[in-house]
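K.L.:
First to last, the protein sequences are chains A, B, C and D.
Okay, so the first sequence: first residue is 13 according to the numbering used here, each after it adds one.
Okay, so the second sequence: first residue is 37 according to the numbering used here, each after it adds one.
Okay, so the third sequence: first residue is 9 according to the numbering used here, each after it adds one.
Okay, so the fourth sequence: first residue is 54 according to the numbering used here, each after it adds one.
Heads up, the beta-carbon is just placed ideally off N, CA and C, and yes, glycines get one too.
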Amino acid sequence: MGKFDNHGLNAVSPLGGSEPQVDAFAGLLIREVTDRALASLSARQGGEDAVKSAAASYLGGALPEPASWNANGEFAAWWMGPDLWMVSAPHDSHELLAAELKDAVGEAGSVVEQTDGWCRFDMEGGRCFDVLERLCNADIRAGKPGDATRTSMEHLGVFLLCHEAGQKYSIVGPRSSAGSLHHALVGAAQSAI
Amino acid sequence: MRYSGLKVIKEALTGHKGWRPTWRDPEPKKSYDVVIIGGGGHGLATAYYLAKEHGITNVAVIEKGWIGGGNVGRNTTIIRSNYLLDGNEPFYELSLKLWEGLEQDFNYNAMVSQRGILNLVHTDAQRDAARRRGNAMILNGSDAELLDVDGVRAMYPFLNFNNARFPIKGGLLHRRGGTVRHDAVAWGYARGADLRGVDIIQNCEVTGFKIENGKCLGVETTKGFIGANKVASCVAGSSSRVMEKAGMRLPIESHVLQAFVSEGLKPVLDGVITFGAGHFYCSQSDKGGLVFGGDLDMYNSYAQRGNLPVVEDVMEGGMALIPALGRVRMLRSWGGIMDMSMDGSPYIDKTHVDGLYFNGGWCYGGFKATPASGWCYAHLLATGTPHKTAAAYRLDRFRKGCMIDEKGQGAQPNLH
Amino acid sequence: MIINHPILGPRDSQEFTYLGDATLIDRPDWQAEDAADQFHDYLYLRDNPAGEHRELWFHEQGDRSWLVVTRNTVTHEILTVELARDVARTRGRSK
Amino acid sequence: MTDAVMNTGTVAFQADGSTGARKGVQVNRLDGGLIKGSKALTFSFDGKRYTGFEGDTLASALLANGVRLMGRSFKYHRPRGVLTSGSEEPNALVELRSGGRQEPNTRATTAELYDGLEANSQNRWPSLQHDFMAVNDRFSNFLTAGFYYKTFMWPAAFWEKIYEPIIRKAAGLGSISFEDDPDAYDKGFLHCDLLVIGAGPTGLMAALTAGRSGAQVIIADEDFLLGGRLNAETFGIGDLTGSAWVEQVQAELAAMPNVRVMPRTTIIGAFDHGIYGAVERVSDHVLAPEAGKPRQILWRIYSKRAMLAAGATERPIAFENNDRPGVMLAGAVRAYANRWAATPDQTVAVFTNNDDGHRTAADLIAKGVKVTAVIDTRADAPQVDGAELFAGAQVVDTKGRLGLESVQLRLANGTTRDVHCGALAVSGGWNPNVHLTCHQRGRPAWREDIAAFVPAGTLPQNMSVAGAANGDFSTAAALRAGAEGAVAALSELGITAKTADLPEAEDAPINVTPFWYVKEGKGRAWLDQQNDVTVKDVKLAHQENFRSVEHLKRYTTLGMATDQGKTSNMGGLAIMAELAGKQIPEVGTTMFRPPYTPVSFGVMAGRSVGEEFRPTRKTPSHKWAEEQGAEFVEVGQWLRAQWFPKAGETHWRQSVDREVLQTRNSVGICDVTTLGKIDVQGKDAAAFLNKMYANAFAKLPVGKVRYGLMLREDGIAYDDGTAARFAEDHFVVTTTTANAVLVYRNMEFARQCLFPDMDVQLISTTEAWAQFAVAGPNARKLLQKVVDPEFNISNEAFPFMGCGEVTVAGGCRARLFRISFSGELAYEIAVPTRYGDAMIRKLMEAGEEFGAVPYGTEALGVMRIEKGHAAGNELNGTTSALNLGMGRMVSKKKDCIGNKLSEREGMNQEDALKLVGFKPVNAADPVPAGSHLMNADGEVSAATDQGYITSAAYSPVLGCSIGIGFLKRGDARKGEVIRAVNPLEGKEVQVEVVSAHFVDPEGERLRG
């Protein structure tokens, strides 16, 4: 699960394992994802344009519009709120993503390491609609790739990122509740499939 | 006409010909000594005690709809005297004592039933708070017992002791707490007041106040002007609407509180029980329905109805506490408009307008307060001075920094 | 209820936390002559209308925007929704 | 009929052996119907075994088996049979299933038959046939409406002791098993352009029209079979039977990906802005749900438009003894015959005030059932073939103890006549199902031509009503209304739909002459059969001035039963109107409220049950702590280690004392990740914190931490924590575990609503860092083994209240804060959460030589009480900085949240409560938190109350219990001996008032 032993401390996944958890159902796969580094980027007052252009050159593409996410090469980013984005990159190559991003945007923006604030589960397969409609109020059947929706699942606030409508989604939630979120996803899958 | 078992038998044997109207429907007189706005529990109780305790019978209670149609007719029927703060507990203890003698006093069986209230605690901090409150109750002449988890299990073995997210650690038991047949309270006070000469005027809405040089002379209504030496507002959730007509802004927000009843069941729950780790409390009516409720819908509202999220939240709490309820069905939901005050405690006070009085801010504690509210409001109206147990319920207490904040939530009404 | 978020479109009110009357934006000047009275009225008195009510909602399970929602407290109909930050600026708030 | 039924794929019984055989068992089973005669199902009622067929309900199967007696009424325990064929059933309620699945008050009319179904009658003892409580019926004259308000008052004590226990025991209907419900429930969310409520001719036509336009459509019906009344009538549609047409439409809808057909799904409520609640009964028609599958699902449906096509409910006519088993609604009798091939008896009479009732006679005759009479209240009643018609006649009484045997008529000419019949089909006309239109502000309006209320007033936003629910009762009208309603609703959404060519269908006019109750007769005529409310009760309510509909309902309990008066309210209103000399619309109606039909707790809770009631938050060291055998405690949603028992420790106190002493004597480690952490950046970050905190922050140097106190605007303290300055424009703020969310919300409020032009950015980082407190004289020595050598953390280089970024364990980035909650030389060290598990192990390993201990929340609590630090119990929402002894911290020189209102007189009185410490005079005495404080002598009362103890613990350092709490003028009373009273537990101890700083009051240790 990534190059974590770059020092004397070994990492564990949000679910507490040394390897990411995978759960398989007929037509659905739920995968714990642990190999991404995260950093939040917010524009300072008056720095909105500067941040956007600086981020664009660092990420190799524009920051996403509200309620959406995009990927540029190894980077991905989603909109969290007004003038606030979450940037993600491979953990192996960017464990210090926050520092890199701060260098890129300088005084124009504020950057905060978020890597371990979150857990992420990817849901793949033809039954995504049937399972997600048991979990959140987002109109997923009307959704499209690139949608980034903040919603709640079983009392937990999560980001729902659509990769391929009905086929692949990422669910990003608070790390300390990874167990509860995982239980909710698996429970919904068992119920719906 | 006096009600009694003998009377019931006599009437049964003579075709029930002798039952008379429980209250008259008179036309309003030109003026009264006291005009009470609001034919709810508090208004009717105030009229009753004005007549009975102070001999003031030239009184009208004016109600825009049908009497008892407000919160006295849409609450969860609980009575209790288990408050923490000195500003509150003596008042609610007075209320509970009045409940205890009420039926004989007004000759109407309101089914006052003291089967006990158990507030569950789930953390050590809650136990500490329960101990402080229990001691305050006892110091104020009420009753309280601190139960450990085994004590709770002995009372209600079917609560969730096995796989609870927030395990039960004990509870504060208030044996004199209980329930009352809510509608009967309004009817009993109405009958008692009517028998003593009070005019109860239904379908009569106040449209304005007649105020001249700082003195209130009466009210404009849909049935014309009604003069009064004293006008006493007592309209709970409608307080801001009514007092606005007298140019007042109040420390009150109106919020909707939903309540629920299940289908009738053979005995499940003897007393009242409140969940300490979620929004759920429950009792069982004499008819067999589980009467339960939880938290406010949270947003300002004058609609006597709520929305689905709160229904779910409440019934999630029910299942968390009593897993055996899984297949019990909720039969009906309804909403009442709560006059939420800024510190969770009520107001019984004069206003800046001479002859205009105000009673409100009961949050969702109004029902249990009905007798004491009427008693103390009548005392204020009759004597001009606050009753000693209600002395803290002043409108200017926030200016002075003397809040009575049981929950410690500050100036946010929907959190009280 | 459904709140039509100015940035995100219709969202379930369940995602929001309610605060209350939008006049809570108009925090008095602490150095005013009658600051004590102003703060009292600001914090404790409410119009509490039966009808149109401008009120503050926080999109806690969403984008963390504070919104000013104009809603009818009798029908629950929602008339307008604005970003509280914009409203605050138009009401002269700055630093 | 037979061919058509063949077409529908269901099996009709021919006059052959198999039918005969079946009829042998099921004496009242008829030919035809929409049941699958090929699939026999066995079930039991009150222990007796019966056979029915797939497609039966419990009620239809019992009728087919010749069972009419199914229940007892609530008050008089009168024998009762089934009145209706749907969810409005007031009488035939049973306990379905057993054990944890026992389900009281289940309507036999909606319970789908499955093989092995087990049902029992309820509210009777010892048996349904012989019910002891039926004695009440003898005393009915004493038990009139509201009688209990007038008696049971003497002697006062008897109410709770004698009367009420008897009443409570007698009250209620079905019973629960008290076992946990073993089934799972689920919830979900659906979105659509058009929600169609009801799948009768109206709803199906609407769904078809909308579906063909490509719109997103959901059509839901509470029944397991779509079609509504079409399944109960013999109408044809075009050249098909009704049921054949339904199957055809259903097939087309099923083929549309944009249409979701939801049978067994009840729309329970219409909520704000087009949100509907729906309950889908996924597994109630089987013995038990499949593994992992839910019993029921609660759907939250977000609709842009909704059409109510819920049909209508027939209403009875009240007459003497109209409640005997066998007296049923005419439409129900028709439904049992046509859909379920069952009849309540082989001889049936019909009593009606409208043409529709005549259909029942015709259909029964066609099925070979003997119709002994058609009694029509109208003198100009239409002719009847195959049965004797009594026009202008009324039913004045009935006979038959456990089941109807005959009815007595009064004919138009005034003479009376007895008519033999085992069932009486009654029709008083139909009421549109307006319920959902009333869930918000809708108030139905009276329509004279159909003598019923129809939807009116403000309907729920974007809801329309069509078909019988709107008072258009004919099939043709329903089809038209459904199609046109769908087109209209969609056009509002900019979707064009075409009205399909409507098939031919019956278009009979409504001929009804209002007739509510038979006036003659001394006996009782029932309105609300379940609650035993009779015409006499309504008259008594009127006599006693309970005349408003709401008073009528509440005084008589009319319409308060499990059916919510679906069949009884109308009659009550009409009679009250007559008595009051008013028109029915003047009297008005009571409120219909959610749910449309009762909803189980289980489905409203969904998957949030047991330990999953709410999410659980786990600390980074959770797994390690489990390995140590730690006891855990819920702190908000967090699970935290409470203490770490060692082998041989038999009482938690032993563990906690050891953890405290070892920490104070050497070093202890505690996971403090749960404290809220908010990252604050921006040019105005310092100015912003200066507004948030009561004390000053502007001048806090970089690399330093400062304690901060937060006030509410009302001047009451609500949270405290630290702010560490990592750069001029970068702070990390900590909050208490409990208030993390609240503080963040308040900061965002200030940022967006109060100071919108401040350049400040906020984000929570609570979960991103695993943070550990390392406390005790050996804390530095321990950390020096973990922090990489290039970082100098000596006392000089890294003094008290210092903070900085370091690396640990050979390059793992970390944050180090020199802050102390325990009062010892202490640090908090944070690493990225994924390394938290490794970090706690690393710290323990490094601490081995010092005998380092992990400590839990208990030891943490003991040490903070020993230091007199305020926590949740002290920050209880009613205490000011002054009370907490921090009055001087509140800056008067700046504007900050809360400082202005903290100046109010009531919060600054000279006898204000002050936080102080308490030591028992007798060291052995405990001083429980929650005790109240009283002067050394004088009475113990609320009036003499001096304060209270907020937190208490046994201090292993002092060797006695200690407490902190609030005492009037406490700071001026040190040394005074007072009493801590705890009457709740019958305790009173003498305590000495001391400083709250029990240990190291000068604070030398933490600077060491």
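Given this structure, state the Cα-to-Cα distance separating residue 516 of chain D from residue 10 of chain C, to the nearest angstrom.
P.N.:
Counted from its first residue, the fourth sequence places residue 516 of chain D at position 463. Counted from its first residue, the third sequence places residue 10 of chain C at position 2. Approximately 16 Å, taken between the alpha carbons.
K.L.:
Suppose you measure from the CA of residue 17 of chain C to the CA of residue 150 of chain A; what does that come to, to the nearest Å?
P.N.:
Residue mapping note: residue 17 of chain C aligns to position 9 of the third sequence, counting from 1. Residue mapping note: residue 150 of chain A aligns to position 138 of the first sequence, counting from 1. If you take the alpha carbons of residue 17 of chain C and residue 150 of chain A, they lie about 12 Å apart.
K.L.:
Just the Cα atoms here: how many angstroms apart are residue 205 of chain B and residue 689 of chain D?
P.N.:
One-based indexing of the second sequence puts residue 205 of chain B at position 169. One-based indexing of the fourth sequence puts residue 689 of chain D at position 636. So the alpha carbons of these two residues sit roughly 15 Å apart.
K.L.:
Using the Cβ count rule (16 or more neighbours within 10 Å means buried), how would you classify residue 994 of chain D?
P.N.:
The count along the fourth sequence starts at 1 and reaches residue 994 of chain D at position 941. Exposed, by the Cβ-count rule.
K.L.:
Give the residues from the region 234-255 of chain D that approach chain B closer than 9 Å (Cβ to any Cβ), ordered along the chain.
P.N.:
Within the region 234-255 of chain D, the residues whose Cβ lies closer than 9 Å to some Cβ of chain B are 234, 235, 236, 238 and 240, listed in chain order.
K.L.:
Residue 783 of chain D by DSSP, collapsed to three states: which one?
P.N.:
Counting from 1 along the fourth sequence, the entry for residue 783 of chain D is found at position 730. The answer is strand: DSSP assigns residue 783 of chain D an E or B state.
K.L.:
Under 7 Å, CB to CB, which of the residues in the region 631-656 of chain D have a partner in chain B?
P.N.:
Here the close residues are 646, 647, 648, 651, 652, 653, 654 and 655.
K.L.:
Kindly list, in the order they appear in chain C, the residues whose Cβ is closer than 8 Å to that of residue 198 of chain B.
P.N.:
Along the second sequence, one-based indexing puts residue 198 of chain B at 162. Here the premise fails: no neighbours, minimum Cβ distance about 30 Å.
K.L.:
Would you call the region 347-355 of chain D and the region 646-656 of chain D touching, i.e. three or more CB-CB distances under 8 Å?
P.N.:
Yes, the region 347-355 of chain D is in contact with the region 646-656 of chain D.
K.L.:
Any contact between the region 46-61 of chain B and the region 57-76 of chain A? By contact I mean 3 or more CB pairs, one from each, below 8 Å.
P.N.:
The region 46-61 of chain B is not in contact with the region 57-76 of chain A.
K.L.:
Taking only the alpha-carbon atoms, compute the straight-line gap between residue 352 of chain B and residue 776 of chain D and give it to the nearest angstrom.
P.N.:
As a first step, residue 352 of chain B is located in the second sequence; it is residue number 316 there, counting from the start. As a first step, residue 776 of chain D is located in the fourth sequence; it is residue number 723 there, counting from the start. Those two C-alpha atoms are separated by around 38 Å.
K.L.:
Pick out whichever of D:1000, D:824, D:316 and D:719 has its Cα sitting closest to the Cα of residue 866 of chain D.
P.N.:
Counted from its first residue, the fourth sequence places residue 866 of chain D at position 813. Residue D:824 is the option with its Cα nearest to residue 866 of chain D.
K.L.:
What are the residues in the region 576-596 of chain D lying within 7 Å of chain B by C-beta distance?
P.N.:
Answer set for the region 576-596 of chain D: 593 and 596.
K.L.:
Going by the CB atoms, is the gap between residue 347 of chain B and residue 381 of chain B shorter than 8 Å?
P.N.:
As a working note, residue 381 of chain B is residue 345 in the second sequence. As a working note, residue 347 of chain B is residue 311 in the second sequence. No, the pair does not count as a contact, with Cβ atoms beyond the cut-off.
K.L.:
What's the call for residue 262 of chain D, buried or exposed, on a 16-neighbour Cβ count within 10 Å?
P.N.:
By one-based count along the fourth sequence, residue 262 of chain D stands at place 209. Its Cβ being crowded by 16 or more others within 10 Å, residue 262 of chain D is buried.
K.L.:
Cβ of residue 23 of chain C less than 8 Å from any chain B Cβ?
P.N.:
On the third sequence, residue 23 of chain C is found 15 positions in, with the first residue counted as 1. Residue 23 of chain C does not count as touching chain B.
K.L.:
Under the assumption that residue 1013 of chain D contacts residue 973 of chain D (Cβ atoms under 8 Å), give the Cβ distance between them as a whole number of angstroms.
P.N.:
Looking up residue 1013 of chain D in the fourth sequence gives position 960. Looking up residue 973 of chain D in the fourth sequence gives position 920. So it is a contact: roughly 6 Å between Cβ atoms.
K.L.:
For residue 81 of chain C, return the contacting residues in chain D, with the cut-off set at a CB-CB distance below 9 Å.
P.N.:
Locating residue 81 of chain C in the third sequence gives position 73, counting from the first residue. Chain D residues near residue 81 of chain C: none, gap ~12 Å exceeds 9 Å.
K.L.:
How far does the alpha helix (DSSP H) with residue 345 of chain B in it reach, from first residue to last?
P.N.:
Stepping through the second sequence from its first residue, residue 345 of chain B is reached at position 309. Unbroken alpha helix (DSSP H) run through residue 345 of chain B: 344-357.
K.L.:
Starting from residue 288 of chain B, find everything on chain C with Cβ-Cβ shorter than 8 Å and list it in chain order.
P.N.:
Here residue 288 of chain B refers to the residue found at position 252 of the second sequence. The answer, in chain order, is 54 and 56.
K.L.:
Looking only at DSSP bridge pairs, what is residue 434 of chain B linked to?
P.N.:
Within the second sequence, residue 434 of chain B is the residue found at index 398, counting from 1. None; residue 434 of chain B has no bridge partner.
K.L.:
Starting from residue 533 of chain D, follow its DSSP beta bridges and name the residues at the other end.
P.N.:
Numbered from its first residue, the fourth sequence carries residue 533 of chain D at position 480. Its beta-bridge partners do not exist; DSSP assigns none.
K.L.:
Would you be able to state if there are at least three C-beta pairs under 8 Å between the region 225-234 of chain B and the region 164-176 of chain B?
P.N.:
The region 164-176 of chain B is not in contact with the region 225-234 of chain B.
K.L.:
Just list the beta strand (DSSP E) runs in the region 48-136 of chain B, keeping only unbroken ones of 3 residues or longer that don't cross its boundaries, in chain order.
P.N.:
Within the region 48-136 of chain B, the complete beta strand (DSSP E) runs of at least 3 residues are 67-73 and 95-98.
K.L.:
Since residue 148 of chain A meets chain E, which of its residues come closer than 9 Å, beta carbon to beta carbon?
P.N.:
The question asks about chain E, but that chain is absent: this structure's protein chains are A, B, C and D.
K.L.:
What is the DSSP secondary structure of residue 74 of chain D, counted as helix, strand or coil?
P.N.:
Position 21 of the fourth sequence, counted from the first residue, corresponds to residue 74 of chain D. Any reading at residue 74 of chain D must be qualified, since the residue scores a pLDDT of 46, below 50, and its modelled position is unreliable; no value is offered.
K.L.:
If we cut at 8 Å on Cβ distances, does residue 159 of chain B have a partner in chain D?
P.N.:
Start at 1 with the first residue of the second sequence, and residue 159 of chain B comes out as number 123. At least one chain D Cβ lies under 8 Å of residue 159 of chain B.
K.L.:
Can you look up residue 461 of chain D in the DSSP assignment and give me helix, strand or coil?
P.N.:
Within the fourth sequence, residue 461 of chain D is the residue found at index 408, counting from 1. Correct three-state label for residue 461 of chain D: strand.
K.L.:
Run through chain C and tell me which residues come within less than 7 Å of residue 8 of chain B, C-beta to C-beta.
P.N.:
For chain B, the structure presents residues 37 to 452; residue 8 of chain B sits outside this window and is missing.
K.L.:
Given residue 107 of chain B, which residues of its chain have a CB within under 6 Å of its CB, disregarding the five upstream and five downstream residues?
P.N.:
Here residue 107 of chain B is taken as the residue at index 71 of the second sequence, counted from 1. For residue 107 of chain B, where only same-chain residues beyond five positions count, the Cβ hits under 6 Å are 272, 372 and 402.
K.L.:
Would you mind working out which of D:821, D:645, D:846 and D:815 sits nearest residue 833 of chain D, comparing C-alpha positions?
P.N.:
The sequence position of residue 833 of chain D within the fourth sequence is 780, counting from 1. Comparing Cα positions, the closest option is D:846.
K.L.:
For the alpha helix (DSSP H) that contains residue 189 of chain B, what are its first and last residues?
P.N.:
Position 153 of the second sequence, counted from the start, is the residue given in the question as residue 189 of chain B. Residue 189 of chain B -> alpha helix (DSSP H) spans 185-191.
K.L.:
Please confirm if residue 58 of chain D has its CB atom under 8 Å from at least one CB of chain B.
P.N.:
For the purposes of this step, residue 58 of chain D is taken as the residue at position 5 of the fourth sequence. Low confidence applies here, because residue 58 of chain D scores a pLDDT of 34, under 50, leaving its location unreliable; read the following figure in that light. Chain B contact via Cβ: absent.
K.L.:
Looking at chain A, is there any beta carbon in it that lies within less than 8 Å of the beta carbon of residue 864 of chain D?
P.N.:
Locating residue 864 of chain D in the fourth sequence gives position 811, counting from the first residue. Output row for residue 864 of chain D: interface = yes.
K.L.:
State the CB to CB distance for the pair residue 400 of chain D and residue 366 of chain D, rounded to an integer number of angstroms; the pair is presumed to be in contact (CB under 8 Å).
P.N.:
Here residue 400 of chain D is taken as the residue at index 347 of the fourth sequence, counted from 1. Here residue 366 of chain D is taken as the residue at index 313 of the fourth sequence, counted from 1. Contact doesn't hold; Cβ gap of about 26 Å is too wide.
K.L.:
When you compare only the Cα positions, how much space is there between residue 128 of chain B and residue 117 of chain B?
P.N.:
Here the question's residue 128 of chain B lines up with position 92 in the second sequence. Here the question's residue 117 of chain B lines up with position 81 in the second sequence. The alpha-carbon atoms of residue 128 of chain B and residue 117 of chain B are separated by roughly 5 Å.
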